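Peer 1: In the numbering used here, the protein residues as written are 7 to 305.
Backbone N, C-alpha and C define an ideal beta-carbon position, used for all residues, glycine too.
Here the structure is a predicted model, which is why all the values come from computation and not from measurement.
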């Protein structure tokens, strides 16, 4: 069985059987492709069925010199998934990563922004340019609805249910959920649609996508990253900010203001409550600060 054939079947399995998004599939496949590159570079002639634990251990040892523990742990997890698939399909009987442990890593708390920092970023947008109105609507949507960047780029006009106060979001594994949308966010989206978007020449096939680039096509994830990075520089904020920072801030601010964790889980589209519970760690640090500041025993 050749690697190319195995990867093709594996991608089909991830999409059809596990229902993963294209981005997740690309990440899983990239882990295996990195192993294949190592084999080619070192002229190791083996296939997915015959590759040994020793060869994979050598690959992981070499890779550990190039990546941090978190990236290494993710890569090992990706390889384990691939060989689990081979065993599931009866291509292999043994698991070459069975005795390989992932490196111990601490739980990374997500970066967040204060409301003042979010306002600073949004107010930095140059509204004299046509894309300024679009960018303001995008950032308001990221923060007001807690969307992933891929969910933002895939948002469609037909997903907007403003009369009911919701938007329909298509998340990981093509799972759909309805998320409440604030009045201010509705205002900025409508402003973009009626003032800017309506004047654009839209490329066929992109008519339903909400946020478009200058050429009338669906905005890419990379472009949204670039827009935010430029705003961070222009605003003078000294933080590492990405589109996901707005999602983290959305969840943290809801929790700090008394929102129920399960409600936050539903709005974020987390399959497991455990994923959402990371925000409890952020909130606990804030509670600790309040205790030390206001409790009489700490004065």
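Which same chain residues end up closer than 7 Å to residue 225 when comparing Cβ atoms and leaving out the 5 residues on each side of it in sequence?
Peer 2: To locate residue 225, count along the chain shown from 1; it is residue 219. 159, 217, 218 and 219, listed in sequence order.
Peer 1: For residue 117, which residues of its own chain have a beta-carbon under 6 Å away from its beta-carbon, when the five flanking residues on both sides are left out?
Peer 2: Your numbering for residue 117 matches position 111 in the chain shown. Excluding residues within five positions, the ones whose Cβ falls inside 6 Å are 251.
Peer 1: Return the residue from the list 223, 177 and 139 that minimises the CA-CA distance to residue 193.
Peer 2: Your numbering for residue 193 matches position 187 in the chain shown. Ranking 223, 177 and 139 by Cα distance to residue 193 puts 139 first.
Peer 1: What are the boundary residues of the alpha helix (DSSP H) that residue 173 is part of?
Peer 2: Translated into positions along the chain shown, residue 173 becomes position 167. Segment 172–176 is the beta strand (DSSP E) holding residue 173; no alpha helix (DSSP H) there.
Peer 1: Please report the distance separating the alpha-carbon of residue 202 from that of residue 183.
Peer 2: On the chain shown, residue 202 is found 196 positions in, with the first residue counted as 1. On the chain shown, residue 183 is found 177 positions in, with the first residue counted as 1. About 28 Å.
Peer 1: Going by other Cβ atoms of all chains shown within 10 Å of its Cβ, with 16 needed for buried, is residue 89 buried or exposed?
Peer 2: The count along the chain shown starts at 1 and reaches residue 89 at position 83. Classification for residue 89: buried.
Peer 1: Output the distance between the C-alpha atoms of residue 122 and residue 259, rounded to the nearest integer angstrom.
Peer 2: On the chain shown, residue 122 is found 116 positions in, with the first residue counted as 1. On the chain shown, residue 259 is found 253 positions in, with the first residue counted as 1. Their backbone Cα atoms lie some 12 Å apart in a straight line.
Peer 1: So, with DSSP's three-state summary, where would you put residue 239?
Peer 2: As a position in the chain shown, residue 239 is number 233, starting the count at 1. It is helical.
Peer 1: Which residues does DSSP pair with residue 183 in a beta bridge?
Peer 2: Indexing the chain shown from 1 puts residue 183 at position 177. For residue 183, which the question treats as bridged, DSSP gives the partners 175.
Peer 1: Buried or exposed: which applies to residue 254, given that a residue is buried once 16 or more other Cβ atoms fall within 10 Å of its Cβ?
Peer 2: Here residue 254 refers to the residue found at position 248 when the chain shown is read from its first residue. Its Cβ being crowded by 16 or more others within 10 Å, residue 254 is buried.
Peer 1: Helix, strand or coil for residue 325? Go by DSSP, reduced to three states.
Peer 2: It is not possible to answer for residue 325, since the shown part of the chain is limited to 7 through 305.
Peer 1: For residue 275, which residues of its own chain have a beta-carbon under 6 Å away from its beta-carbon, when the five flanking residues on both sides are left out?
Peer 2: Taking the chain shown and counting its residues from 1, one reaches residue 275 at position 269. Cβ within range, chain order: 177 and 183.
Peer 1: Any contact of the region 127–147 with the region 83–101, i.e. 3+ C-beta pairs under 8 Å?
Peer 2: In short, these stretches do not touch, since the Cβ pair count stays below three.
Peer 1: Would DSSP call residue 166 helix, strand or coil?
Peer 2: Counting from 1 along the chain shown, the entry for residue 166 is found at position 160. Strand, per DSSP.
Peer 1: Three or more beta-carbon pairs under 8 Å between the region 73–80 and the region 40–54, yes or no?
Peer 2: In short, these stretches do not touch, since the Cβ pair count stays below three.
Peer 1: Identify whether residue 206 lies in helix, strand or coil by the three-state DSSP scheme.
Peer 2: Along the chain shown, read from residue 1 onward, the residue named residue 206 stands at position 200. Of the three classes helix, strand and coil, the one that applies to residue 206 here is coil, per DSSP.
Peer 1: Check whether the Cβ atoms of residue 280 and residue 270 sit closer than 7 Å, and answer yes or no.
Peer 2: Against the chain shown, residue 280 aligns to sequence position 274. Against the chain shown, residue 270 aligns to sequence position 264. Contact: no.
Peer 1: Assuming the contact rule is C-beta atoms closer than 8 Å, residue 173 and residue 187 should be a hit. Round their C-beta distance to whole Å, please.
Peer 2: Translated into the one-based positions of the chain shown, residue 173 becomes position 167. Translated into the one-based positions of the chain shown, residue 187 becomes position 181. Right, the Cβ-Cβ distance comes to about 5 Å (below 8 Å), so this counts as a contact.
Peer 1: Tell me whether residue 272 sits in a helix, a strand or coil according to DSSP, three-state version.
Peer 2: As a position in the chain shown, residue 272 is number 266, starting the count at 1. Residue 272: helix per DSSP, three-state reduction.
Peer 1: Between 166, 223, 22 and 239, which has its C-alpha nearest residue 209's C-alpha?
Peer 2: What you label residue 209 is simply residue 203 of the chain shown in a count that begins at 1. If we check each option's Cα against that of residue 209, 223 comes out closest.
Peer 1: Pull up the distance between the alpha-carbon of residue 56 and that of residue 29, whole angstroms please.
Peer 2: Locating residue 56 in the chain shown gives position 50, where the first residue counts as 1. Locating residue 29 in the chain shown gives position 23, where the first residue counts as 1. Approximately 29 Å, taken between the alpha carbons.
Peer 1: When the distance is taken between beta carbons, is residue 185 closer than 7 Å to residue 273?
Peer 2: As a first step, residue 273 must be located in the chain shown, where it is residue number 267. As a first step, residue 185 must be located in the chain shown, where it is residue number 179. In this structure, residue 185 lies closer than 7 Å to residue 273 by Cβ.
Peer 1: Assuming residue 146 contacts residue 191 under a Cβ cut-off of 8 Å, what Cβ separation, rounded to an integer in Å, is found between them?
Peer 2: For this step, residue 146 is matched to residue 140 along the chain shown. For this step, residue 191 is matched to residue 185 along the chain shown. Correct: roughly 5 Å between the Cβ atoms.
Peer 1: Tell whether a beta-carbon distance below 7 Å holds between residue 162 and residue 96.
Peer 2: Counting from one through the chain shown, the residue named residue 162 turns up at place 156. Counting from one through the chain shown, the residue named residue 96 turns up at place 90. Not in contact: residue 162 and residue 96 (Cβ atoms no closer than 7 Å).
Peer 1: Of the choices 9, 242, 108 and 248, whose alpha-carbon is the least far from that of residue 152?
Peer 2: Taking the chain shown and counting its residues from 1, one reaches residue 152 at position 146. Considering only alpha carbons, the answer is 248.
Peer 1: With 7 Å as the threshold, decide whether the Cβ of residue 180 is near any Cβ in chain B.
Peer 2: The chain labelled as chain B is not found in the depicted structure, where only one protein chain is given.
Peer 1: Hey, could you find the ends of the alpha helix (DSSP H) residue 140 is sitting in?
Peer 2: The sequence position of residue 140 within the chain shown is 134, counting from 1. Segment 136–151, the alpha helix (DSSP H) holding residue 140.
Peer 1: Run the CB neighbour count on residue 109, radius 10 Å, all protein chains shown included, and call it buried at 16 or more, exposed below.
Peer 2: Within the chain shown, residue 109 is the residue found at index 103, counting from 1. Burial call: exposed.
Peer 1: Taking DSSP as the reference, what is the three-state secondary structure of residue 224?
Peer 2: Here residue 224 refers to the residue found at position 218 when the chain shown is read from its first residue. Correct three-state label for residue 224: strand.
Peer 1: Taking C-alpha atoms, which residue in 8, 10 and 155 lies nearest to residue 233?
Peer 2: As a working mapping, residue 233 is identified with position 227 in the chain shown. Of the listed residues, the one whose Cα sits closest to residue 233 is 155.
Peer 1: Would the region 59–68 and the region 31–45 be scored as touching if the rule is three or more Cβ pairs under 8 Å?
Peer 2: Yes, the region 59–68 is in contact with the region 31–45.
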